[in-house]
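Everything below concerns the one structure shown next.
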Amino acid sequence: MTRDEALKIMRNTVEDPVAAVKGYKECYKRPVFGYFCTYTPEEIIHAAGGIPFRIMGRNESVVCSDAHLQSYSCSLVRTGLDMALTDRLDFLEGAVFPHTCDSIQRLSDIWRINTAYSFHADIVLPVKLQTESARAYLIEELTSFVGKIETYTGREITADSLNEAIKLYNIMRSNLTRLYEAKKKNPAIISSGALNDCVQGAMFMPVEEHNLLMADLLSDIEDTAETGHQIRVFLVGNLCVFNEIYDYIEAGGGTVVGDDMCTGSRYFIVNADEKSANPIQAIADRIIKRPICAAKHNPMFDRGIYLKEMIRDSGAQGVIFLMIKFCDPHSFDYPYLKESIDELKMPHLLLETEMDNPSLGQIKTRIEAFMEMIGDAHGK
Amino acid sequence: MANEKIKDPEKEKKKFQSARAMRELMTGYYTESKIAEASGSKKIAWITSGGPVEPLHAMDIIPIYPENHGAMLGASRMSVEMCGISEDMGYSRDLCSYFRGDIGSAVTKKSPIPGGLPKPDFLIACNNICGTVTKWYEILARFFDVPMYLIDTPFIHQHKTEAGHRYVRSQMEEYIRFLEDQCGKKMDRDRLKEVGQLSLEGVSLWNEVLSTCEHRPAPMSCFDAFFFIAPIVTLRGTAQCNDFYVGLLAELKRRITDGIGAVDDEKYRLLWDNIPVWFALRPLSELFASNSACLVADTYTNAWAKACLDPENLIETMSRSYTEIYLNIDIEMMVSEIKQLIKRYSADGFVMHSNRSCKPYSLGQLDIAKIIQKDLDIPTIMVEADMTDERSFSEAQTRTRIEAFIESLKAQH
Numbered sequence: 030m031t032r033d034e035a036l037k038i039m040r041n042t043v044e045d046p047v048a049a050v051k052g053y054k055e056c057y058k059r060p061v062f063g064y065f066c067t068y069t070p071e072e073i074i075h076a077a078g079g080i081p082f083r084i085m086g087r088n089e090s091v092v093c094s095d096a097h098l099q100s101y102s103c104s105l106v107r108t109g110l111d112m113a114l115t116d117r118l119d120f121l122e123g124a125v126f127p128h129t130c131d132s133i134q135r136l137s138d139i140w141r142i143n144t145a146y147s148f149h150a151d152i153v154l155p156v157k158l159q160t161e162s163a164r165a166y167l168i169e170e171l172t173s174f175v176g177k178i179e180t181y182t183g184r185e186i187t188a189d190s191l192n193e194a195i196k197l198y199n200i201m202r203s204n205l206t207r208l209y210e211a212k213k214k215n216p217a218i219i220s221s222g223a224l225n226d227c228v229q230g231a232m233f234m235p236v237e238e239h240n241l242l243m244a245d246l247l248s249d250i251e252d253t254a255e256t257g258h259q260i261r262v263f264l265v266g267n268l269c270v271f272n273e274i275y276d277y278i279e280a281g282g283g284t285v286v287g288d289d290m291c292t293g294s295r296y297f298i299v300n301a302d303e304k305s306a307n308p309i310q311a312i313a314d315r316i317i318k319r320p321i322c323a324a325k326h327n328p329m330f331d332r333g334i335y336l337k338e339m340i341r342d343s344g345a346q347g348v349i350f351l352m353i354k355f356c357d358p359h360s361f362d363y364p365y366l367k368e369s370i371d372e373l374k375m376p377h378l379l380l381e382t383e384m385d386n387p388s389l390g391q392i393k394t395r396i397e398a399f400m401e402m403i404g405d406a407h408g409k
Numbered sequence: 268m269a270n271e272k273i274k275d276p277e278k279e280k281k282k283f284q285s286a287r288a289m290r291e292l293m294t295g296y297y298t299e300s301k302i303a304e305a306s307g308s309k310k311i312a313w314i315t316s317g318g319p320v321e322p323l324h325a326m327d328i329i330p331i332y333p334e335n336h337g338a339m340l341g342a343s344r345m346s347v348e349m350c351g352i353s354e355d356m357g358y359s360r361d362l363c364s365y366f367r368g369d370i371g372s373a374v375t376k377k378s379p380i381p382g383g384l385p386k387p388d389f390l391i392a393c394n395n396i397c398g399t400v401t402k403w404y405e406i407l408a409r410f411f412d413v414p415m416y417l418i419d420t421p422f423i424h425q426h427k428t429e430a431g432h433r434y435v436r437s438q439m440e441e442y443i444r445f446l447e448d449q450c451g452k453k454m455d456r457d458r459l460k461e462v463g464q465l466s467l468e469g470v471s472l473w474n475e476v477l478s479t480c481e482h483r484p485a486p487m488s489c490f491d492a493f494f495f496i497a498p499i500v501t502l503r504g505t506a507q508c509n510d511f512y513v514g515l516l517a518e519l520k521r522r523i524t525d526g527i528g529a530v531d532d533e534k535y536r537l538l539w540d541n542i543p544v545w546f547a548l549r550p551l552s553e554l555f556a557s558n559s560a561c562l563v564a565d566t567y568t569n570a571w572a573k574a575c576l577d578p579e580n581l582i583e584t585m586s587r588s589y590t591e592i593y594l595n596i597d598i599e600m601m602v603s604e605i606k607q608l609i610k611r612y613s614a615d616g617f618v619m620h621s622n623r624s625c626k627p628y629s630l631g632q633l634d635i636a637k638i639i640q641k642d643l644d645i646p647t648i649m650v651e652a653d654m655t656d657e658r659s660f661s662e663a664q665t666r667t668r669i670e671a672f673i674e675s676l677k678a679q680h
């Protein structure tokens, strides 16, 4: 497959994830399990014979959620519930809710009460990650999830099947890491939007499929040369489901050279040990090792310092915070991260969006102005 | 002009004598903490409202509650100004207004307490009430450059897990070791047991205080309970706290004997849900009272009324009771507690405060309202507000809605 063909499949998948995963379900004859948040142990769902599918709304108004969720709930929660209540997720066995934040926690209850899926799982992950007691609990909680999904599918999850799943997910993660590295080195090799499609594509298709596409893509892409002269932009935040935003950045003469996003590097940044005699421990240790999301607590890990290193390393010239509104954990971290970036004397911009009402016109104007400002500062 | 001095005897009868004792108690507590800050005579810990305070008292550490301070900012109408300060620092207006008010006050030292809260030596956050406190205390730890210990209490969906319990139990021991490190001395386990006993007695007394409202007419309303809650939150585990509630309980019992109700001609008994609207206590209280409606109980003050500690088995029972609190359980379990309160207090209606500042309390209310209406056939109302940010509240609109709600109650009776 050529690079363009692979990217086309990624684009179509991200454009209409539901249609895509329905096709894969048909073709793979495997049950699909929805999930929220990148802390979900996808390897366990895979080892149970399932296809994990990340639930994220699109640019559509909610129809049924308002009867269950107040207007100050975030749009990830509102659009996700709406997809379920309007029967757009009827191909799922059910959904997995890892403990993330106050909103996902309540969404799990509301979802369970108002939908009729045959499967429902909460993985009440510890919030803190650095202690031995938290690790012991995390392993127990993951083991309990293994039991729950085994009971549902009637299929035993062995250490071998888990290690096999970890291996496949490690390939996916390594592929995305390689693509990010390649783009950082030479931003011209792939557009920012296409890079994002490759990350989000992994959340919507079977990992085997993603690994095949990426193998073709990477072999083709790394031959391309031609260095570009774009303004290097780094993204920080939670979710970005709007491909338009990447287009605005590029239209303004910019390109994305790295990120710390749930729909970006936080999804794939660390691999798990694939040869462990206790693969559940290996999955737990990956969760512990990951650079934390704002919803987790680890006093040994400073997100400000981490971000400064990531930004320096990416050679970025500007930072854009992309935030889904009403996301408490990320809003709490914003002023500190902003100050950390100020220490780098780097310009930054905060964009708040909602998945069901993104005000893209306004965002476009603000990105244009921001790119122009950086361009002027760098004499372009 | 002399006429203004003549007091209405009916109104005087309704005034709580205990109010003065409580003001003195709370003033004494804050004064002692400010003296400790200045002299360094005692360590000061900031702790979340649902946090296990008993080990702090046992180590002679003064616990300070920023949430209580947030409520004071709201009640004294200072919150909006303080919230504005934190918004200027980059904190979103969508974040918890206790947090925003408190950070604004920490930066400016403006507070109903002269000079603001005493500075912490360390921080204890327990996330059994929300994930917000985890982030809030991380920010405080950076601001004051002091250590923080997080007690992580896994949320209970459908059933408690033993794994979750073991995790919390380990953390209770870690928490005590953290305090020992901070204070450079060992925990006196006998003293801890004594504090546990005092805490148990305090919580039982608070439960008795609230239970007096089972009586018709209720001798106080939840607006009084919102005022009298301060000691059980901030001084739980001390003799002064218990002495105060012994006095309050006696006064409430006297009121029952004397036939004094919180509301004249009490006709409708209502249950309140969520944190109070601190800046609008008086108008809301008067509005309900003028319609012969008394808010006889609430889910908020009842959260401190469950006596589950066993001083002989304190670590074990602290681990369980601090995990099982109202905001750390799923919607069905909340509904079951609400139904018990409605039954116990013979409530005719349910008033829910949809609180922009508190997602764990507010998300799910729409479903809870539906279930309560369907199962118990009692009217419910949702009041849109915020616990301290007045900008998210329209008094006129709320008044109209509550009046319509009371009309519907009248129609049912």
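Going line by line, the protein sequences match chains C and E.
Start counting the first sequence at 30; every next residue gets the next number (the working numbering).
Start counting the second sequence at 268; every next residue gets the next number (the working numbering).
Even for Gly, the Cβ is constructed at its ideal location relative to N, Cα and C.
Computed from a predicted structure; not experimentally measured.
Contact annotation: in the stretch 122-136 of chain C, residues whose CB is within less than 9 Å of a CB in chain E are F126, H128, T129, C130, D131, S132, Q134, R135, L136.
Counted as a single uninterrupted DSSP element, the stretch harbouring C393 (chain E) is not any alpha helix (DSSP H) but the beta strand (DSSP E) occupying residues 389-393. Among the bridge pairs identified by DSSP, K157 (chain C) is matched with C:H326. Residue contact with chain C for I396 (chain E): absent (no Cβ-Cβ distance below 7 Å to any residue of chain C). Runs of the alpha helix (DSSP H) lying entirely within the stretch 155-209 of chain C and spanning at least 4 residues, in chain order: 161-182.
Its Cα nearest to that of T420 (chain E), the residue C:Y166 stands out among C:A311, C:T144, C:I186, C:Y166.
The count of Cβ pairs closer than 8 Å, one atom from the stretch 442-456 of chain E and one from the stretch 366-375 of chain E, stays below three, leaving the stretches out of contact. Here E338 (chain C) is exposed: its Cβ has fewer than 16 other Cβ atoms, across all protein chains shown, within 10 Å. In summary, the residues of the stretch 95-111 of chain C whose CB is separated from some CB of chain E by less than 7 Å are A96, H97, L98, Q99, Y101, S102, in the order they occur in the chain. Taking CB atoms only, H258 (chain C) has no neighbour in chain E less than 7 Å away. Burial of A492 (chain E) is indicated by the presence of at least 16 other C-beta atoms within 10 angstroms of its C-beta. Taken through DSSP and simplified to helix, strand or coil, N474 (chain E) comes out as helix.
The secondary-structure analysis by DSSP pairs F263 (chain C) across a beta bridge with C:G287, C:V348. Annotated three-state conformation of M384 (chain C) is coil, per DSSP. A distance below 7 Å separates the beta carbons of L121 (chain C) and V61 (chain C). Taking 7 Å as the cut-off, the Cβ atoms of I391 (chain E) and I329 (chain E) do not count as close. Sequence-distant partners of H432 (chain E) (beyond 5 residues in either direction) whose C-beta falls short of 8 Å from its own C-beta, in its chain, are S586, R587, T590.
Less than 7 Å separates the beta-carbon of M619 (chain E) from that of M649 (chain E).
A residue is called buried when at least 16 other Cβ atoms come within 10 angstroms of its Cβ; R483 (chain E) does not meet this threshold and is exposed. Under the Cβ criterion (8 Å, minimum of three pairs), the stretch 359-379 of chain C counts as touching the stretch 322-342 of chain C. Judged by DSSP in its simplified three-state form, Y277 (chain C) adopts helix.
The three-state reading of DSSP puts D119 (chain C) in coil, since its state is none of H, G, I, E or B. Annotation: G317 (chain E) has no Cβ neighbours in chain C at a cutoff of 9 Å; minimum Cβ distance is about 14 Å.
When C-beta atoms of the stretch 264-273 of chain C are compared with those of the stretch 83-98 of chain C, three or more pairs fall below 8 Å, so the two segments count as touching. Taking 7 Å as the CB threshold, H620 (chain E) stays off the interface with chain C. Separation of P308 (chain C) and E170 (chain C) (C-alpha to C-alpha, rounded to the nearest whole angstrom) is 14 Å. Residue pairing from DSSP leaves C269 (chain C) without any beta-bridge partner. Ranked by Cα distance from E674 (chain E), the options E:M415, E:S559, E:E651 are led by E:S559. R261 (chain C) sits buried, since 16 or more C-beta atoms from the chains shown fall within 10 Å of its C-beta.
In summary, no residue of the stretch 650-676 of chain E has a CB separated from any CB of chain C by less than 7 Å.
Looking from the CA of E334 (chain E), the closest CA among E:F411, E:V500, E:S306, E:K453 belongs to E:V500. DSSP, read as helix, strand or coil, puts H620 (chain E) in strand. Neighbourhood of R623 (chain E) in chain C, by CB distance below 7 Å: Y101, in chain order. Residues of the stretch 578-607 of chain E with a Cβ closer than 7 Å to any Cβ of chain C, in chain order: D597, I598.
Taking a Cβ-Cβ cut-off of 7 Å, A636 (chain E) has no neighbours in chain C, whose nearest Cβ is about 10 Å from it. In this structure, E:I669 is the residue among E:I496, E:W545, E:I669 with its C-alpha nearest to the C-alpha of F617 (chain E).
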